Amino acid sequence: MITCSYHRVVTKLSIAAAAVDWYSIGARDLPWRRPGVSPWGVLVSEIMLQQTQVSRVEPVWTAWCSRWPTPASLAAEPVGEAIRAWGRLGYPRRAVRLHSCATASVQRHGGRVPESLTELLALPGVGTYTARAVAVFAFRQRHPVVDTNVRRVVARAVTGSPAAGPATTGADLAGVEQLLPADPESAAATSIALMELGALLCTARAPRCPECPLSGSCAWRLAGSPAPTPAAATPDAPAANARGQRRSQRYLGTDRQVRGLLLAVLREATDPVPTARLDLVWPDAEQRARTLASLVADGLAHQVGTGHYALPA
DNA sequence: CAAACGTGGGT
DNA sequence: TACCCAAGTTT
1 MITCSYHRVV
11 TKLSIAAAAV
21 DWYSIGARDL
31 PWRRPGVSPW
41 GVLVSEIMLQ
51 QTQVSRVEPV
61 WTAWCSRWPT
71 PASLAAEPVG
81 EAIRAWGRLG
91 YPRRAVRLHS
101 CATASVQRHG
111 GRVPESLTEL
121 LALPGVGTYT
131 ARAVAVFAFR
141 QRHPVVDTNV
151 RRVVARAVTG
161 SPAAGPATTG
171 ADLAGVEQLL
181 PADPESAAAT
191 SIALMELGAL
201 LCTARAPRCP
211 ECPLSGSCAW
221 RLAGSPAPTP
231 AAATPDAPAA
241 NARGQRRSQR
251 YLGTDRQVRG
261 LLLAVLREAT
271 DPVPTARLDL
281 VWPDAEQRAR
291 TLASLVADGL
301 AHQVGTGHYA
311 LPA
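Just so we're aligned, residue 1 is where the first sequence starts under the working numbering, counting upward by one.
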């Protein structure tokens with residue numbers, strides 16, 4: 001009873017402390033973590049890092065923050081410039097939303113990134129994770145910050161399961177809250193450490209348990225590191241069908257691919273592109289028309305005159 | 001709530 | 001080589 005819950009608290013605080021200790025020697029030196037980075041720099045990094053590897057974000061973030069060191073500097077340029085600077089990071093609507101974040105910061109928040117969770121959540125492209133990441137990493141507030149890495153670390157170290165279950169924001173936040181020290185600064189350090197641990201050691205595919213500071217108390221290890229249940233279908237990667245046939249390709253031939261092909265042409269052009277040139281990137285005229293229209297609807301492309309397209313002004 | 005949304009890293 | 005998965009958000 002008392003002893004039991006006491007040990008439970010000690011264990012959880014130990015997880016936080018061990019992760020933070022490890023972080024001081026194991027963490028990467030990432031540019032957006034360096035002293036002096038503005039809240040805007042943090043916001044830019046968090047948006048870029050959504051579903052995107054660190055190694056791909058680094059050069060784009062550096063160039064972006066050098067060119068647009070403040071929300072006002074980006075808001076002063078056409079959104080098309082943001083889309084161009086986004087390069088091949090993927091999910092280019094994030095560039096449009098980041099430009100909108102800049103505009104909103106200028107119009108509603110005096111040119112600064114807002115500090116409250118509520119105001120952050122009101123920014124386009126800023127959801128539960130990103131709002132908390134900015135509030136904690138840029139403004140040092142005390143909130144749980146739960147991304148896919150943290151969910152996996154907690155699933156293994158605390159719950160003992162091989163992988164994180166489907167995202168359940170409420171329960172995930174409550175679970176991590178239990179691990180955080182009371183002091184905001186320590187809580188922030190814990191969140192970054194858990195994320196880094198998940199990214200470098202407690203990885204999804206081949207975890208480096210021998211190097212992990214939590215391995216001694218990890219519930220998953222203690223249970224014998226059971227393998228995850230086989231064919232778990234993920235949203236974007238459906239498992240084999242009922243007849244056991246090979247799974248369908250996720251990307252080739254999809255609207256996603258065609259959008260990417262089309263947008264790449266617009267991004268690299270300095271002048272409006274004639275539709276005849278866009279016709280070259282994909283043979284199916286109907287799919288081309290559909291995806292081009294979707295790019296325009298998403299604010300990623302703009303029709304110029306009758307037969308030309310360009311990045312939006 | 002499931003599906004859509006890019007592009008490439010790592011094994 | 002496949003194929004999973006990556007600091008998620010929106011509709």
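All residues carry an ideal CB built from backbone N, CA and C; glycine is no exception.
Since the model is a prediction, treat every value here as computed from it, not as a measurement.
- By the criterion of a C-beta distance shorter than 8 Å, Ile47 is surrounded in its chain by Arg94, Arg97, Leu98, Cys101, Gly125, Val126 and Thr130, once the five residues flanking it on both sides are discounted.
- Taken through DSSP and simplified to helix, strand or coil, Ala310 comes out as strand.
- Look at Pro210 here: in three-state DSSP terms it is helix.
- As a beta-bridge residue in DSSP terms, Pro274 pairs with His308.
- Thr169 sits exposed, since fewer than 16 C-beta atoms from the chains shown fall within 10 Å of its C-beta.
- Among the bridge pairs identified by DSSP, His99 is matched with none.
- The C-alpha of Gln287 lies about 26 Å from the C-alpha of Gln51.
- The region 178–187 and the region 31–41 do not touch, with fewer than three beta-carbon pairs separated by less than 8 Å.
- Going by DSSP, Glu119 is part of the alpha helix (DSSP H) stretching over Leu117 to Leu121.
- Annotation: the continuous alpha helix (DSSP H) that includes Arg56 extends over Val54 to Arg67.
- Shown here, Gln51 sits in coil according to DSSP, grouped into three states, outside any helix or strand.
- Its Cα nearest to that of Val60, the residue Ile83 stands out among Ala72, Gly305, Ala75 and Ile83.
- With fewer than 16 other Cβ atoms from the protein chains shown falling within 10 Å of its own Cβ, Gly216 counts as exposed.
- The beta carbons of Val265 and Arg277 sit about 7 Å from each other, so the pair counts as a contact at 8 Å.
- Collapsing the DSSP output to three states places His302 in a strand.
- Put simply, of Leu194, Ala189, Ala219 and Pro228 the residue whose alpha carbon is nearest the alpha carbon of Ala206 is Pro228.
- In the DSSP annotation of this structure, the continuous segment of the alpha helix (DSSP H) that includes Gln287 starts and ends at Ala285 to Ala297.
- Here the alpha carbons of Gly253 and Thr159 stand approximately 40 Å from one another.
- Take Pro78, set aside five residues on each side of it, and the residues of its chain with a beta-carbon closer than 6 Å to its own are Ala313, in chain order.
- Exposure of Ala171 is indicated by the presence of fewer than 16 other C-beta atoms within 10 angstroms of its C-beta.
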